[in-house]
Each structure stands twice: as structure tokens, then as C-alpha cells.
Amino acid sequence: MSVSKCQGRADRVVLGQLWSVVVLLLSLASGCRPGESQTITVVFACPSADLGTYRALAESFSEQHPQVRIQLREQYGFLDESADDVGNLKRSLQRLRAQATWSDVFIIQTDGLGVLEKEPVLLDLSSFFEEDGSMAEGDFVPAALAAVRRSQGLYGIPIAIDPAVIVYDRGLFDQGRVAYPQLEWTGDDFLAKAEALTVRGESGEVLQYGYADEPGLGLMAWLYAHGASLWRASGETEYAEPNLQGDLVAESLQWYIDLALQHQVMPPPFVTSDLSRVWLWDLREARRVAMWSDMLSETGYYLHRPGQQEISLAVAPLPQETAAVTPVRVQAYAVSAGTAHPQECWEWVSFLGQQVGTVSMLGEGVPARTSVAEGSLYWRRWPEEDEEGIRYALEHVAPVSEWDGMTYLRDLDAVLNGQTDVEVFLAAAQQRAVADVRGLVEATPAPSVVVHTPEPATDAGTTLRFITSDTSAAYVYNQLAEAFKDENPDLNVEVLTALDAFPGETFPTTEMLAQEADVFVLTPREADRQYLMELMPFITLDGFPLDDFIPPVRPLQEGQVWGIPLAASVDLVLLNRTVFDELGVDPPAAGWTWDDLIVTAEAIARRGGDEGYFGFADDSGWNHFYFLLAEDAPLVDADQDPPAWLLDSPDMEIVARRWIALNQEYGPGLYTEGGAADL
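Residue numbers (the numbering used here): 63 to 741.
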């Protein structure tokens, strides 16, 4: 049974009870924190996974520079989910500007610069670089430095360079008696190997693909191999102009699509969807693909994992043709053009640049400095043949990795389905790109950026520490803290994320939060009250409106208030109204039960016929707990002292069997630790 691609209206039905209520709480240990002496504060933003590493480095740096305090922030704490789309040019610019006001020093990835190179957001580091004795241009991978240079300026100090590569399965090459890829292989060589490695069944169906593309990597390389460019210099504005309708672009895109449609050596590339990575992973795990493109940094998840020795994988450069084609991403330390402390920022960047083992890029990105690569013994992790291929790829990097332009080549479904041709597709893509660039031009002159560096606390004030586990909300909380200080000059609020406060702790306990913070955000439990302050006296004095909260989360309990509700979430069942209408099944009404759900799921699954509709699918991993509770099969006997688990009770067995049957008979199956069900 396969999932229908029918798209229809989705209705939401509340099922079960409120899952969580997040509240703001006051620590019982809340008290005044004396202010710190005046120092220069440099705000540094880094990925959450690296906060612990950089915290230790910041302490070492402050020992050498006692007048400078490094305040760490989570790299994207200023973003919300709606801002997490780097594909849109204007959004990329907004992100860069926001980052430059969120921190003095931060880590950039150069695939987000692209046509934004003229924005006065990043500080030109050329003069600092030239005068710093610890920095030698010859110590850097040339392509890494080139990626952060714009015109005559240097807008970052590279940390790591991440090339796109071909990964191939030696065992499948050996089975097919196909020679391994060589350093200087061409597109024709690649196609010949892909065809030789593609295996078909008796009915012509593909059992094993010769090649699969991690979204867009291969396409970008084929563009460069054909001499195509997605952008061209503009004589009218400071931004590049889209060139998506260039003859070479159409030729390159057609060649790429033919790999899937004509030669059938590559599965259709779902360039717009996360399904592509899932599908590629499944093909790789099942050994149904002989070679694929990937960023080198991503290969560490499967090349060097335990047990991988059973499958011999190797790395080769992308086919080069006559031009350097390797797309790369470069991570670099950048300084905001709005910093008030450029010299101190450079001292911090220079210090970081000399450290071994601080490469932030996940996986296997190559250190951008030769001295760091040697000091960290980086190349020892690679077999000699792989090292040779990686070094070759780094020596043949495309002049410009046009990641921003690739945004407009992603939605290939219409071309792959035969609904349109390449020329029409590119014409529409060109229109979108022109509109985006026009929006950038009209937005200029760009507003100058100013870093909102927190003011150090003084002896005259009181500092309150606030911790939130929501890194995406940290920026908002910092803004609120500044507004609060404007109204309360003697109060300073220090905003931290849980990742800042507890590096390496995924779920800090209430006790930990109460020891480190005056106010914090938590999904509460009754057992946590020993660490919390009862708020009713303050509420009575302040006239705080408790009646303003919706009844299910109203905080008053037995005359006491232990926290102020912030947000609540409920579990929902989504209904595809189009499928219900098509099959003539009545949708659930208010007050429906789990028995109604089972009957409805059975009706959908049985009437679906050849369409192959599932009646129900659980993708949360938690919904079965609601099922158990709703069926009066509690997980714990709270009447016993101490409470006891009831996982082996007769009621639990009955309910569990019904739940499994619902998912197995009328749905795609249950999620397990081994991986997601085949949806």
C-alpha cells in the first residue's frame, strides 16, 4: 500500500488533553546579584553544540585580556522559525543584518553571502589581517580566503572549508567490474560509470541506481562544468543580475535532468524537499546506489561510524571537465560593521584562529589553515586515496559557489513530470530572481547596523538572571529586557538560554534552573514546587489579572500560584477532508471517541481501494500515551506508596494491542528505534 499524493483541506480535531503548559517561574533562591566592574563586552555567537568549547576558550582569552569580557550567545538565537529560510535573497539579507545586531563576532557560512556582497553589514578585516603577525596568507587554503574576499575587502577569517564530493561504494563498483573514479575524470566518464552501475529488474524497474544527487550539489557542478553562471555583473546596481536564462544554464540543467529521465541512472531529484535526504539515506543503507554527491562535512555521519567497515566507501572529486567545478561552503569568523569595539573583536578572532580543534563545522570539514590541520592531525582520519581526492577537490574549487542562485532551480517537479520544459521553467525562475534582486535594490541604502551589546551591570543596580530553553526566543527576551530596563533603570536582566547556562545538558532539572536563575521557563510538575516561589502575595499586591488566562491553564491552584502561564499546546488529529469526501466517509464530529477513530480509520483504509489510502498515521511518537490514558489504562498506580508502574497490567495489554492493530492494519506502521515507517 502506498500513500496517496492527494492534497486536500486539512481539519484539526482536538484529541485528548493539554499536553504541556509552559510557565514563567521565580526561583526560591532568587536574590540580588551585585553588578560586575566595568569591562569591555564583546558578544560572540556560535552554534549551540560548540558553546562549551568556546566558553573554555573565552575564559582563557580573558586571562590574557582581563579588560575584555566575552559574552556567548547561541548563533541563531535571534531567529524565529519563519525566518529560517536562507533560500530567499531578502531573507538572507535580513538574517545577516539581524546577526550583525545580535553579536559583535559571529560565524558566517559563505553560501549565504552571494549577491549580498555589497551590504555594509560586515567589517572589513583587511588592515587587521595584514598587521597581525599570527596571520599568514600562505597558511590558509586559497579557496577559503577567496570565499570571504569581496572586491578589495576581507570580511571573515576562515575556520573550515567544506567541498562537495562524490562518495562511492567500492563493493558495488567491484561487483559491476567498474573502475573506481579517478582524479581527472570527466562528465562522460561519470555517465559511463553511472550507466554501468545501474541495475534493472525483469520489468525494467531500477533495482540499483548508478548515482543519486544530494539536492543541487551535482547540478551546481554540472553548471560549472558547462561554463554556465547563474549571475552576471550589473552595470546599473551594486547587486549582481540573475542569468538563469543563459544558453549554458539551460544546457546544463537539461543534461542533469536527462540523468533521471533519459538515462535513468539517477532517481528524480526532490530538490525542494527533505525527502531527498531521507531517500538518499535509505538508498545508501540498502546499498541501492553506487555513488552520490554530498558535502564532505556530511560524510562523517556514515563514513566513520561504528560498523561502517563492512561497507567500503570512498571519496572522489566531482568530475571536472575543463574547468574547476567544486562547490564549497566556507565557515569563517566575521565581525559586525556595527561593533563599538573593533580592536577587541579582532583580538578575539585572532586568538580563535590560532586554536586547534575548534572547527565548528559539523562532521569532516577541512580546517582552513594548514597549521591547524597539521596540529589537529586532521588528515590522519582519511585513507590515503580519500585524502588525495579531497585535496584535489580543494585545488579545483569553482570561482564562485552560487548557492543563492540555486534557490531558483529547486522546484523541478513540473519539469520532471513533463508538465513544462526547461526553457519555460528557467523563464519563470528568472522572473522570481529579478523580482528578488529588485527588492534588494529598492531597499537600499541599507540601514547601518549597530550591535546591541548588553551594558555591564553596575554596583548601583540589581541583576536578575533569566533562563529560557527556547533559543529562538532569546533575541526577543533580550529586547524585552532592554525595554524593561528603560522603565526600571536600577534593574538589569541577564538573558541566557539553557544551552548557555548548562553546556552539554540536554534537559536541565528544575533544581539546576533554580540554582542558576531568578526567573526561568519550565513545563512544571507538582514535585518542582520545593524549588519555586509562591506568587500569590505579589499578584494580590500588583492586581495581576489571573482571570485573563484561559481556564485549562489558569494558574490558581488551591489559592496558590506557582508560575505564570506562557504557552500551552494540545495534540491534534488532522483530517484530509478531500479523501473523506471522495470516499463518502463521514468525518468525526465533536465528542468522538477512540472507538470512532478506529471505525473511521478502517473505513478509509478499506474504501481506498487502488488509491491505497491509509486510514491513520501516527508521526509524533507520543500519541499512543493519549490513547492509553483515554482508554483508562493508566501507566502508573498513583494510589500506591511509592507509585508503581502498570505496564504489565491486563488493561495495558488490551489497549496496547488495539493501538498496534490500528497502526499496523490501517496505517503505515509504528515508528521504531530502527527508523521511520515507510511513508
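All residues carry an ideal CB built from backbone N, CA and C; glycine is no exception.
Which residues in the same chain have their Cβ closer than 8 Å to the Cβ of residue i, if we skip the five residues on either side of it in sequence?
i, result
"Glu136", "Ala107, Cys108, Pro109, Ser110, Leu113, Thr533, Ala536, Thr559, Leu561 and Asp562"
"Trp441", "Ala435 and Glu449"
"Gly263", "Leu269"
Ordered along the chain, which non-local residues of its own chain (more than five positions away) have a Cβ less than 6 Å from that of residue i?
i, result
"Pro304", "Gln492, Ala495 and Val496"
"Pro649", "Leu637 and Phe642"
"Ala476", "Thr482"
With the cut-off set at 8 Å, would you say residue i and residue j are in Cβ contact?
i, j, result
"Asp354", "Glu450", "First, the residue type needs correcting, since residue 354 is Trp and not Asp in the sequence shown. Going by C-beta atoms, Trp354 is not nearer than 8 Å to Glu450."
"Phe528", "Val555", "yes"
"Asp201", "Val390", "no"
"Leu292", "Leu315", "no"
"Val311", "Leu285", "yes"
"Ala352", "Leu234", "yes"
"Pro381", "Thr248", "yes"
"Leu323", "Leu478", "yes"
"Gly621", "Leu594", "no"
"Asp356", "Val459", "no"
"Val411", "Val167", "yes"
"Gln393", "Ile219", "no"
"Gly238", "Leu269", "no"
"Val240", "Ser398", "no"
"Leu618", "Leu634", "no"
"Ser474", "Pro331", "Before going on, a small fix: residue 474 reads as Leu here, not Ser. Yes."
When the Cα of residue i is compared with those of the options, which residue comes out closest?
i, options, result
"Ala290", "Tyr271, Glu383 and Gln324", "Glu383"
"Met197", "Gly215, Ala160, Phe413 and Ala205", "Phe413"
"Val229", "Leu597, Leu279, Thr482 and Glu664", "Leu279"
"Asn725", "Leu471, Met598, Leu659 and Phe546", "Leu659"
"Glu313", "Pro331, His288, Asp166 and Arg262", "His288"
"Trp465", "Thr388, Ile716 and Arg587", "Thr388"
"Phe564", "Asp552, Leu553, Glu578 and Gln244", "Glu578"
"Thr115", "Gln417, Lys255 and His127", "Gln417"
"Tyr454", "Tyr395, Ala386 and Ser433", "Ala386"
"Asp590", "Leu603, Pro204, Ile169 and Glu573", "Glu573"
"Pro204", "Arg616, Pro461, Ala118 and Glu447", "Pro461"
"Gly501", "Val105, Pro128, Leu155 and Ala378", "Leu155"
"Leu471", "Ile319, Arg349, Gln214 and Trp654", "Ile319"
"Thr602", "Arg616, Val623, Arg587 and Pro614", "Val623"
Count the other CB atoms within 10 Å of the CB of residue i; is the residue buried (16 or more) or exposed (fewer)?
i, result
"Phe123", "buried"
"Leu456", "buried"
"Ser189", "exposed"
"Ile612", "exposed"
"Gly400", "buried"
"Trp721", "buried"
"Leu709", "exposed"
"Gly427", "buried"
"Pro730", "buried"
"Trp343", "exposed"
"Gly523", "buried"
"Phe676", "buried"
"Pro329", "buried"
"Pro704", "exposed"
"Glu406", "buried"
"Phe678", "buried"
"Asp657", "exposed"
In the DSSP assignment, the alpha helix (DSSP H) including residue i goes from what residue to what residue?
i, result
"Asn540", "Ala536 to Glu549"
"Pro404", "Pro404 to Gly415"
"Asp309", "Asp309 to Leu323"
"Leu603", "Met598 to Asp604"
"Ala663", "Trp656 to Arg669"
"Glu588", "Where Glu588 is concerned, there is no enclosing alpha helix (DSSP H), given that its DSSP letter is neither H nor E."
"Val434", "Thr432 to Gly437"
Return the first residue and the last residue of the beta strand (DSSP E) that residue i is part of.
i, result
"Phe168", "Val167 to Gln171"
"Glu136", "Val130 to Glu136"
"Ile722", "It is not in any beta strand (DSSP E) - Ile722 instead sits in the alpha helix (DSSP H) that spans Pro712 to Tyr728."
"Met357", "Val351 to Met357"
"Gly272", "Val268 to Asp275"
"Ile529", "Thr524 to Thr530"
"Asp231", "Ile219 to Asp231"
"Gln393", "Val390 to Val397"
"Asp633", "Ile626 to Asn638"
What residues in its chain sit with their C-beta under 7 Å from that of residue i, if we drop five residues either side in the sequence?
i, result
"Glu257", "Gly272, His325 and Val327"
"Glu199", "Leu207"
"Trp444", "Ile452"
"Asp699", "Pro705, Ala706 and Leu708"
"Leu424", "For Leu424, the predicted model reports a pLDDT of 41, less than 50, meaning its position is unreliable and no value from the coordinates is stated."
Please tell me whether, using a cut-off of 7 Å, the distance from the CB of residue i to the nearest non-hydrogen atom of the ligand FMN is below it.
i, result
"Arg443", "For the structure depicted, the ligand FMN is absent and the ligand set is empty, with no information on it obtainable."
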